[in-house]
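There are 2 protein chains.
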Amino acid sequence: MKLIVDLKDRQYPIWIERKALYHIDEIINTHRKIAIIHDDAIPSKWIEIVKEQCENCVIFSFPEGENSKCFEQYQYLLQQCIDHHLSRKDAIVAIGGGVTGDLAGFVASTYMRGIDFYNIPTTILSQVDSSVGGKVAIDMGSYKNIVGSFYQPKGVLIDPDVLSTLSIRQQHNGLVEALKMGLILDENLVCEFEKEQLDIEAIITRSIDLKRQVVQEDEKENSLRKILNFGHTIGHAIEGAYGLDTYYHGECVAMGMLFFIEDKELKNRVLKIYDKLSLPAVPDYDVDTLMEFISHDKKGTQNVISVISVAKAGSYSIEEMNYEQIRLKLLRGAYEESNRK
Amino acid sequence: MKLIVDLKDRQYPIWIERKALYHIDEIINTHRKIAIIHDDAIPSKWIEIVKEQCENCVIFSFPEGENSKCFEQYQYLLQQCIDHHLSRKDAIVAIGGGVTGDLAGFVASTYMRGIDFYNIPTTILSQVDSSVGGKVAIDMGSYKNIVGSFYQPKGVLIDPDVLSTLSIRQQHNGLVEALKMGLILDENLVCEFEKEQLDIEAIITRSIDLKRQVVQEDEKENSLRKILNFGHTIGHAIEGAYGLDTYYHGECVAMGMLFFIEDKELKNRVLKIYDKLSLPAVPDYDVDTLMEFISHDKKGTQNVISVISVAKAGSYSIEEMNYEQIRLKLLRGAYEESNRK
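Structure representation (structure tokens):
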């Protein structure tokens, strides 16, 4: 299936298909130099399959992990592009998860003031979330995504078969962002999670389709796109306080969403889905610690935060909250009014 | 006078007016945090005048010179933006020449994925050339402008009065790019240079207007915008071989244009203008050295170079030349068929 992200002169296809990885020329012009960028933890077979389809291919690798979204790796990859004589007409292809797409995308957006960029996300998280929408960036110190661009790819290729090498925990971690899309925009997608057998391909496709529509409405996150931050305010704080070694990003978002589900029945439905996905319980956090991360995350520029709440599956509300109101939420806890506590 | 660069959703005004520097709120919303970026050689009075008009102003300075278009200064300025809590709604204002606009513009284009950028060029060169068109970049090693963005400013403010602090040589250096615009696009502009008394304001305004039209046609330099490279192929090589301490950028472009003026009478007219501007004569270059710089400039990605030639003032032709043909031009010399040699 091909979905078109319609951003006028920056329009591009998202191709979702089993075995798509074997047919990259369906969306990528391979008759030029292709620089594949990947981390050192990705199964080498995915790289090989893509490489074999390119006439003239160079491969740049970087160490796995969020720490690679840094100036050092950014400069290293730019230098590789220079050393391998990439021209303005050549292309960069990212193969991997969110970190790879963010880093390689930022390189592509700035090398020679921007060359063609393609993304082949290989985790559920990056397939349903970061690969669509053109947000690329690196971190600086403890500030995440503080340096980057809005730079739309020329195409995104999603092959659900590549997910086979992910652990169950990684898969469920990624599905949280899809559940988030359902909670704010589409109850049917929430219902998909309540089926006996999860249809992962259907969930991915529906979730991408929703994200595509949001991005089309608000490419540069001036308004509507902010709803995608549902669960992220407290989620990011938990991520910061406990580290990504303890909880994965999606697991933190799952915890973060609970604080802003404003309906008891819906919260219980969601908790059942969390159980099904074996998501970890919210730990006994320290309120002050999380509050510090929240104000740091906002870079000290605002006194109020736009917070997304959901009272009915498939719809959201936006509210400006000050830090005291957020603190109150944390004091009350994630499970307030649910069957859990 | 206000000229509008019409790039649809990225439209912006260029305001050309004596004393405009005292009325920046004509184009800049000053009711927010403004980060002024400048080099340490600019007369401090220009900075003070702008600062006094801002409610909430922070000032970041960097060492003068092309060498500051580097990762170190780029990172330093980004860190300053973080440390001073610049938000997505704040703005960066560059005050200075081409280096300042390129560096500050690249910071603005990537900090938080892009914040508002305003340019106040204070040299003729940057007023007529680099401030219009949205090309921002830094260098890497010996590769110029290899990392950057196409990022349109929100407004450009040109106050011809600030040119008073420039040396005559700097002024004439800048006028070369205006003469270039005339040679390729508008004979009347060439005639302006032949008047007894130069009307610098008229020259600047006409030149900017021409550049504006080219940028509107081809924002991302896919085709038409390449004509602005007239004189730059050999000009850049002379710049590389002799260094900017010996010849200024415009002086090198002036030399570079001579090789591609294909009409004897026109060449003699142009040489008379060069005399009037006291531009230096073309030195006794070494052909091999210049050829090395030319192939390096093209980053080794092409065997042919698009070269712009002018046979009649106000019109150009584009020709693909291989390295042998360029070498032949260099062997024949800049003054071939002119009265000069």
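Chain order of the listed sequences is A and B. No gaps in the numbering here: position 195 of the first sequence is 195 in UniProt numbering, and each next residue is one more. No gaps in the numbering here: position 99 of the second sequence is 99 in UniProt numbering, and each next residue is one more. Just so you know, even glycine gets a beta-carbon here, dropped at the ideal spot from N, CA and C.
Establish whether the CB of F150/B and some CB of chain A are separated by less than 8 Å.
-> On the second sequence, position 150 is the one that residue 150/B refers to. Cβ-Cβ to chain A under 8 Å: yes for F150/B.
M257/A versus R269/A: straight-line alpha-carbon distance, rounded = Within the first sequence, the letter at position 257 stands for residue 257/A. Within the first sequence, the letter at position 269 stands for residue 269/A. Going by the C-alpha atoms only, they are around 13 Å apart.
Measure the alpha-carbon distance for E265/A versus F259/A and round it to whole angstroms.
-> Locating residue 265/A in the first sequence gives position 265, counting from the first residue. Locating residue 259/A in the first sequence gives position 259, counting from the first residue. Rounded to the nearest angstrom, the two C-alpha atoms are 14 Å apart.
What's the call for C191/B, buried or exposed, on a 16-neighbour Cβ count within 10 Å?
-> Taking the first residue of the second sequence as position 1, residue 191/B is located at position 191. Counting Cβ neighbours within 10 Å, C191/B comes out exposed, since fewer than 16 surround it.
Alpha-carbon spacing of H85/A relative to S109/A, whole angstroms = Within the first sequence, the letter at position 85 stands for residue 85/A. Within the first sequence, the letter at position 109 stands for residue 109/A. Cα to Cα, H85/A sits roughly 17 Å from S109/A.
In chain order, what residues of the same chain have a beta carbon less than 8 Å from the beta carbon of L168/A, not counting five sequence neighbours either side?
-> Position 168 of the first sequence holds residue 168/A. Reading off the sequence, residue 168/A comes out as Ile, not Leu. Same-chain partners within the cutoff: S278.
Rounded to a whole number of angstroms, what is the C-alpha to C-alpha distance between A254/A and V58/B?
-> By one-based count along the first sequence, residue 254/A stands at place 254. By one-based count along the second sequence, residue 58/B stands at place 58. The straight-line gap from Cα to Cα measures roughly 39 Å.
From the beta carbon of V156/A, is the nearest beta carbon of chain B less than 8 Å away?
-> If you number the first sequence from 1, residue 156/A lands on position 156. Chain B, which has no Cβ nearer than 8 Å to the Cβ of V156/A, makes this no.
Between L78/A and the rest of its own chain, which residues show a CB-CB distance below 8 Å, the 5 nearest in sequence each way excluded?
-> The count along the first sequence starts at 1 and reaches residue 78/A at position 78. Cβ within range, chain order: V107, T110 and Y111.
Are the Cβ atoms of G216/B and V5/B separated by less than 8 Å?
-> Within the second sequence, numbered from 1, the residue matching residue 216/B stands at position 216. Within the second sequence, numbered from 1, the residue matching residue 5/B stands at position 5. Residue identity differs from the one stated: residue 216/B is Gln in this sequence, not Gly. Yes. Within cutoff.
Taking Cβ positions only, does V282/B come closer than 8 Å to chain A?
-> Numbered from 1 along the second sequence, position 282 holds the residue referred to as residue 282/B. Chain A, which has no Cβ nearer than 8 Å to the Cβ of V282/B, makes this no.
Under 8 Å Cβ-Cβ, which residues of chain E neighbour I146/B?
-> Protein chains in the displayed structure are A and B, and chain E is not among them.
Is there a Cβ from chain A that is less than 8 Å from the Cβ of Q75/B?
-> Taking the first residue of the second sequence as 1, we reach residue 75/B at position 75. Chain A, which has a Cβ nearer than 8 Å to the Cβ of Q75/B, makes this yes.
DSSP-derived helix/strand/coil call for V282/B | Counting from one through the second sequence, the residue named residue 282/B turns up at place 282. The answer is coil: DSSP assigns V282/B none of H, G, I, E or B.
Below-8 Å beta-carbon distance, Y323/A vs any chain B residue | Translated into the one-based positions of the first sequence, residue 323/A becomes position 323. By this cut-off, Y323/A is not an interface position.
Return the CA-CA distance between F193/B and V282/B, expressed in angstroms with no decimal places.
-> In the second sequence, the residue the question calls residue 193/B occupies position 193. In the second sequence, the residue the question calls residue 282/B occupies position 282. So the alpha carbons of these two residues sit roughly 20 Å apart.
Using beta-carbon positions only, say whether V162/B and W46/B come within less than 8 Å of one another.
-> Taking the first residue of the second sequence as position 1, residue 162/B is located at position 162. Taking the first residue of the second sequence as position 1, residue 46/B is located at position 46. Going by C-beta atoms, V162/B is nearer than 8 Å to W46/B.
Alpha carbon to alpha carbon, how far is C252/B from D199/B? Give it in angstroms, no decimals.
-> Counting from one through the second sequence, the residue named residue 199/B turns up at place 199. Counting from one through the second sequence, the residue named residue 252/B turns up at place 252. When rounded, the distance between both Cα atoms is 23 Å.
Does M291/A have its Cβ less than 8 Å from a Cβ in chain B?
-> For the purposes of this step, residue 291/A is taken as the residue at position 291 of the first sequence. Not one chain B Cβ lies under 8 Å of M291/A.
What residue does the beta strand (DSSP E) around N322/B start on, and which one ends it?
-> Counted from its first residue, the second sequence places residue 322/B at position 322. Counting along the chain, the beta strand (DSSP E) containing N322/B begins and ends at S315 to N322.
Start and end of the alpha helix (DSSP H) containing A202/B?
-> Position 202 of the second sequence holds residue 202/B. Counted as a single uninterrupted DSSP element, the alpha helix (DSSP H) harbouring A202/B occupies residues I200 to E217.
Any chain A beta carbon closer than 8 Å to A104/B = The count along the second sequence starts at 1 and reaches residue 104/B at position 104. Between A104/B and chain A, the shortest Cβ-Cβ separation is not below 8 Å.
Counting only the same chain and skipping the five closest in sequence on each side, list residues whose C-beta sits under 8 Å from that of Y12/A.
-> As a working mapping, residue 12/A is identified with position 12 in the first sequence. Closer than 8 Å at the Cβ level, and outside the excluded window around Y12/A, lie I4, V5, Q152, P153, K154, G155 and V156.
Buried or exposed for G141/B, please, with buried defined as at least 16 other CB atoms from any protein chain shown within 10 angstroms of its CB.
-> Within the second sequence, residue 141/B is the residue found at index 141, counting from 1. Looking at its Cβ environment, which holds fewer than 16 other Cβ atoms inside 10 Å, G141/B is exposed.
Might you give, ordered along the chain, the residues of its own chain that have their beta carbon closer than 8 Å to the beta carbon of G101/A, omitting 5 neighbours on each side?
-> Sequence index remark: in the first sequence, residue 101/A carries index 101 (1-based). Only A94, N119, P121, S126, S130, S131 and V136 meet the Cβ criterion.
Between which two residues does the alpha helix (DSSP H) harbouring G235/A extend?
-> Residue mapping note: residue 235/A aligns to position 235 of the first sequence, counting from 1. H232 to Y242 is the extent of the alpha helix (DSSP H) around G235/A.
Between the beta-carbon of E64/A and the beta-carbon of A41/A, is there less than 8 Å?
-> As a working mapping, residue 64/A is identified with position 64 in the first sequence. As a working mapping, residue 41/A is identified with position 41 in the first sequence. With contacts defined as CB atoms closer than 8 Å, E64/A and A41/A qualify as a contacting pair.
Relative to the C-alpha of Q80/B, which residue among I146/B, A311/B and A104/B is closest?
-> Translated into positions along the second sequence, residue 80/B becomes position 80. Closest by alpha carbon: A104/B.
Excluding five sequence neighbours on each side, which residues of the same chain lie with their C-beta closer than 6 Å to the C-beta of Y248/A?
-> Locating residue 248/A in the first sequence gives position 248, where the first residue counts as 1. Excluding positions up to five away in sequence, the list reads N173.
Cutoff 8 Å: K135/B Cβ touching any chain A Cβ | For the purposes of this step, residue 135/B is taken as residue 135 along the second sequence, with counting starting at 1. It does: the Cβ of K135/B has a partner Cβ on chain A nearer than 8 Å.
Chain A contact residues for Y12/B, given Cβ-Cβ distances below 7 Å | Within the second sequence, the letter at position 12 stands for residue 12/B. Going along chain A, no residue has its Cβ under 7 Å from Y12/B, so there is no contact; the nearest lies around 16 Å.
Which two residues bound the contiguous beta strand (DSSP E) that contains P140/B?
-> Position 140 of the second sequence holds residue 140/B. According to the sequence as given, residue 140/B is Met; it is not Pro. Unbroken beta strand (DSSP E) run through M140/B: K135 to M140.
Skipping 5 residues on each side, what residues in its chain have a beta carbon closer than 6 Å to that of S207/B?
-> Numbered from 1 along the second sequence, position 207 holds the residue referred to as residue 207/B. Answer for S207/B: V128, A178 and M181, listed in chain order.
For chain A, is any of its Cβ atoms less than 8 Å away from the one on M257/B?
-> Here residue 257/B refers to the residue found at position 257 when the second sequence is read from its first residue. False, the Cβ-Cβ gap to chain A never drops below 8 Å.
Quick one: complete beta strand (DSSP E) runs, 3+ long, within the region 33-88 of chain A?
-> Listed in chain order, the beta strand (DSSP E) runs fully inside the region 33-88 of chain A are 33-39 and 56-62, counting runs of at least 3 residues.
Can you tell me where the alpha helix (DSSP H) with S109/A in it begins and where it stops?
-> Translated into the one-based positions of the first sequence, residue 109/A becomes position 109. Its alpha helix (DSSP H) spans residues G98 to T110.
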